[in-house]
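Read through the structure below, which is laid out as C-alpha cells, and then see the notes.
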Amino acid sequence: MPRHSSRAARPVLDEVDLDIVAALHVAPRVPIAALAEVLEIPTSTAARRLARMQDERLLQVVGRFAWELITSSNPFELWITSAPGRSRAVLTELLRIPDVQFVLHTSGPADLYVNLFPLLGSDHEQLLTETIPGIPGIRATDSRMILEPAKVGQSWRFRRLDAERTAALEGHASGTSGPPVRDLRDLSDLEFRTMRLLGRNGRITAAEVGRTLGVSASTAARAIRLLVSSGAVSPRVEVQPELLGFPLNAIVTIDVRPRDVRGALDALAAHPNVRLLSTVTGSAPVSLAGVFEGPGALATFVRDDLGALPGVRSVQSVAGLRLERRYWIDRDGPRLGDQVQDVLRLPDSTR
Numbered sequence: 001m002p003r004h005s006s007r008a009a010r011p012v013l014d015e016v017d018l019d020i021v022a023a024l025h026v027a028p029r030v031p032i033a034a035l036a037e038v039l040e041i042p043t044s045t046a047a048r049r050l051a052r053m054q055d056e057r058l059l060q061v062v063g064r065f066a067w068e069l070i071t072s073s074n075p076f077e078l079w080i081t082s083a084p085g086r087s088r089a090v091l092t093e094l095l096r097i098p099d100v101q102f103v104l105h106t107s108g109p110a111d112l113y114v115n116l117f118p119l120l121g122s123d124h125e126q127l128l129t130e131t132i133p134g135i136p137g138i139r140a141t142d143s144r145m146i147l148e149p150a151k152v153g154q155s156w157r158f159r160r161l162d163a164e165r166t167a168a169l170e171g172h173a174s175g176t177s178g179p180p181v182r183d184l185r186d187l188s189d190l191e192f193r194t195m196r197l198l199g200r201n202g203r204i205t206a207a208e209v210g211r212t213l214g215v216s217a218s219t220a221a222r223a224i225r226l227l228v229s230s231g232a233v234s235p236r237v238e239v240q241p242e243l244l245g246f247p248l249n250a251i252v253t254i255d256v257r258p259r260d261v262r263g264a265l266d267a268l269a270a271h272p273n274v275r276l277l278s279t280v281t282g283s284a285p286v287s288l289a290g291v292f293e294g295p296g297a298l299a300t301f302v303r304d305d306l307g308a309l310p311g312v313r314s315v316q317s318v319a320g321l322r323l324e325r326r327y328w329i330d331r332d333g334p335r336l337g338d339q340v341q342d343v344l345r346l347p348d349s350t351r
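With the first letter of the sequence shown counted as 1, position 50 gets the number 50 in UniProt numbering; the numbers rise by one all the way through.
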C-alpha cells in the first residue's frame with residue numbers, strides 16, 4: 001500500500017471519536033446501541049463515527065490469537081543493525097516475512113526493533129540464523145527469547161472515560177471464562193474458519209459469520225462464544241498511538257535483581273504508559289514497549305517511575321522513530337495499512 005504524502009492533512013479525532021476509541025479498548029465487541037447509551041450519544045452517531053474511522057483506516061478491531069496456539073516456538077525480540085543507508089531496504093524485506101509481528105524504526109545503535117513470532121510451519125532456528133541475517137544490508141542482529149509476557153497489547157487501555165462509564169462497558173467486555181483451547185487441531189472446521197474471520201474483524205457478528213460460512217446465526221454464535229471465552233481469540237483495538245496523544249513509542253530494557261523481577265513486573269503492568277511487558281533472556285530480564293506524550297514524559301518515566309522500583313540496576317531506552325508494523329498490521333503514517341495474511345495456519349492441514 002503506498003504511503004501518504006507527508007504534506008497530506010493529518011487526521012484528527014475529535015472528542016466523540018476519542019470516547020468511542022476509549023470505550024472499545026474496554027469492550028471491543030460492545031454492541032453499537034450499548035456503546036451509544038454509555039457514551040450518551042445517538043446510536044446513529046456512534047455507528048456513523050465508528051464506520052468513518054474504520055473506512056478511513058484510523059481504527060480497526062481485530063482478534064488477537066493466543067500466541068501459543070499459532071507459533072512453533074516462543075517469540076523473540078530482535079535488535080537489528082543495518083549498514084548505513086540500508087535501513088529502508090532492510091525494512092522492506094523484513095515486512096515480507098509473515099512471522100514478523102512488530103517493527104519499530106528506532107534511534108540508537110540498532111535501527112530496527114522487531115518482534116518475531118515463528119508461526120506454525122516455520123523453523124525459528126532458520127529464521128534467526130539464516131533468513132533474517134541473510135537479508136542484504138543487515139550488519140548485525142541481537143536476539144532475545146521472550147520467556148513470558150506479563151502484559152500484552154490488548155490489555156492496554158486508553159484511559160479517558162470516568163469510572164462509571166468504564167464499569168458499564170466492562171459489563172460488555174469479552175472475558176475468558178471457559179477452558180482453554182490447547183491445540184488448533186481440537187477445533188472443528190467451523191470453529192477454525194470462525195477464528196480466522198475473528199482475526200480479521202474482532203467485531204464480526206454471528207449473523208455475518210453465519211452468512212459467510214453458510215451456517216445459522218445460532219451455530220455461529222456458539223463458535224464465537226467458544227473461541228472468545230476460551231481465550232483462543234481476544235478482540236483488540238488497533239489505532240496509531242499518535243492519534244490518541246501518544247506520538248512517542250519507546251522500548252525500554254531493565255536490569256533488575258532476580259529477587260525483584262516479580263515486583264517490577266507487577267508495578268509496570270499497572271503503568272498506564274506500558275503497552276507490552278515481558279521477561280526475556282539476556283542480561284536485562286525485563287523488556288517493555290511503551291507509548292508516551294513526548295520526550296518529557298519518557299524522561300519522567302525513566303527517572304521517577306523506574307527510579308523508584310526496588311532492585312533496578314540499569315536501564316536502557318530507545319525512542320521509536322516510526323512504527324512500521326504492530327500485531328501483523330502494517331502502518332501508513334497515522335493510518336493502518338494491510339494486515340498480514342495466513343498468520344493462522346495448520347502445518348498438517350489444508351484448512
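Note that the Cβ used here is the ideal one computed from N, Cα and C, for glycine as well. Treat the numbers as computed from the prediction; the structure is a model and nothing was measured.
Start and end residues, alpha helix (DSSP H) containing D142: No alpha helix (DSSP H) contains D142, which is instead part of the beta strand (DSSP E) from I138 to K151.
Residues that L104 bridges to, as DSSP identifies them: Y113 and L323
Length of the line joining the Cα atoms of L309 and E208: 48 Å
Status (buried if at least 16 other CB within 10 Å, exposed otherwise) for R275: buried
Residues of its chain near L344, where Cβ-Cβ distance is below 7 Å and the 5 sequence neighbours each way are ignored: F65, I70, M195, R196 and G199
At least three beta-carbon pairs within less than 8 Å, the region 117 to 132 to the region 71 to 83: yes
Contact with chain C by T92, beta-carbon distance below 8 Å: In the structure shown, chain C cannot be found, because there is only a single protein chain.
Residue burial classification, E40 (beta-carbon count within 10 angstroms, cutoff 16): exposed
Coil, strand or helix - L227 by DSSP: helix
Reduced DSSP category for R7 - H, G, I as helix; E, B as strand; rest coil: Note that R7 has pLDDT 46, beneath the 50 cutoff, so the model's placement of it is unreliable and the number below is only indicative. Here R7 sits in coil by DSSP.
G137 and A83 closer than 8 Å at C-beta: yes
Status (buried if at least 16 other CB within 10 Å, exposed otherwise) for A9: exposed
Inter-residue spacing [alpha-carbon to alpha-carbon] between A173 and D14: 24 Å
Assigned secondary structure, V252 (DSSP; H/G/I helix, E/B strand, else coil): strand
Contact check, V256 vs A264, beta carbons under 8 Å: yes
Boundaries of the alpha helix (DSSP H) in which Q54 is found, first to last residue: T43 to D55
Beta-carbon separation (whole angstroms), T176 vs S229, contact threshold 8 Å: 6 Å
Contact check, V340 vs R203, beta carbons under 8 Å: no
Three-state secondary structure assigned by DSSP to P2: Summary for P2: the model assigns pLDDT 44, below 50, so the residue's position carries little reliability, and this model does not support an answer.
Neighbour-count burial assignment, V12, 16 or more Cβ in a 10 Å radius: exposed
Residue of T253, S44 and R48 minimising C-alpha distance to W79: T253
Contact under 8 Å by Cβ, L298 with S314: no
Bridge-paired residues (DSSP) for T81: A140
contact_flag[the region 20 to 27, the region 162 to 171] where n(CB pairs < 8 Å) is 3 or more: yes
When D17, L346 and V16 are compared against D183, the one with the closest alpha-carbon: L346
Segments assigned alpha helix (DSSP H), at least 4 residues, entirely inside the region 269 to 342: 295 to 300
Start and end residues, beta strand (DSSP E) containing V62: Q60 to F65
Supposed close pair T281, R144 - CB separation, criterion 8 Å: 5 Å
For V233, the first and last residue of its enclosing alpha helix (DSSP H): Premise fails: V233 lies in the beta strand (DSSP E), V233 to E238, not in any alpha helix (DSSP H).
For F117, the nearest candidate out of F158, E68, D186 and R331 (CA to CA): E68
Secondary structure of T350, DSSP reduced to three states: Below a pLDDT of 50, predicted positions are generally treated as unreliable, and T350, at 46, falls in that range; the measurement from the model is reported next regardless. T350 falls in the coil class under three-state DSSP.
S87 - containing alpha helix (DSSP H), residue span: S87 to L94
Cβ pair S234, A150 closer than 8 Å: no
Close-in-space but distant-in-sequence residues of the same chain around G153 (CB under 8 Å, 5 per side omitted): R64, R236, R275, L276, R326 and Y327
Selected residue, minimal CA-CA separation from L147, among V114, E77 and I97: E77
CA-to-CA distance, P247 to V16, given in whole angstroms: 20 Å
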